[in-house]
């Protein structure tokens, strides 16, 4: 979501980069770490699914879920019966979480099995998630989640009614402890392997959309909207 979307958020000052912390500095391949705010926002905005990690009954749990970004905040949603959402909503201290997003851009095939890799862009967010209880913020957050998946869709669908809102919980996570990690380029083979007779290089991965398939009960007079054509 672009930063122009309401409401105004209360995250850290709009510096050019996030401040590294002990949890956001990787122990390996530190040269791939990035803290640039614009780059991190770009990686987040290109995704619609994140993985939300937390501890439940002493054991780690990771759940895939939809999310949306408004400025310096991320929002995730789920059922009010969901354990993490109940936990966050039942405690003023919130829920300690780790949220991740990853894009795979290519398969990196080296001459040696050890040096095979991926070209990727990822973001890791550490923080405390809190349940959103303000009705207006919840509606705005849910619109942002819809917009994250298909920009323009929230204005071209029926808003959630009171019953649906009552069954939906929303968590808010501020972007404070954040880092990106990015790999680009080709294989990193050992010098002694360069003469080996194996194909080596990068197989790019692309993401795209096929033509929209209308529902069986769609009125034929309703055309494909422009925002879907733009995909």
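Numbering (my numbering), first residue to last: -16 to 214. Where is the CB? At the ideal position from N, CA and C, for every residue including glycine. These numbers were taken from a predicted model, which means no experiment stands behind them.
Quiz prompt | residue 59 to residue 93 span [Cα, whole Å] | solution = 38 Å
Quiz item: residue 189 by DSSP, collapsed to three states: which one?
Solution: coil
Quiz item: Taking only beta-carbon atoms, is residue 18 less than 8 Å away from chain C?
Solution: As a matter of chain content, chain C is missing from the structure shown, which is built from one protein chain.
Self-check item: residue 75: first and last residue of the uninterrupted alpha helix (DSSP H) it sits in
Solution: First-last for residue 75: undefined, no H or E at that position.
Practice problem: Report, in whole angstroms, the separation of the C-beta atoms of residue 161 and residue 108, which I expect to be a contact under 8 Å. | Solution: 5 Å
Quiz item: Alpha carbon to alpha carbon, how far is residue 212 from residue 29?
Solution: 18 Å
Practice problem: Spatial neighbours of residue 214 within its chain, please: CB distance less than 6 Å, with the 5 preceding and 5 following residues excluded, ordered by chain position. | Solution: 192
Self-check item: Residue closest to residue 113, alpha-carbon to alpha-carbon, out of 152, 104, 101
Solution: 152
Quiz prompt | Distance between residue 202 and residue 38 (C-alpha atoms, nearest Å) | solution = 47 Å
Quiz item: Considering only residues of the same chain and omitting the five flanking positions on each side of residue 16, which have a CB-CB separation below 6 Å?
Solution: 9, 162, 164
Practice problem: Taking residue 119 as part of the beta strand (DSSP E), name the residues at either end of that continuous run. | Solution: It is not in any beta strand (DSSP E) - residue 119 instead sits in the alpha helix (DSSP H) that spans 118 to 132.
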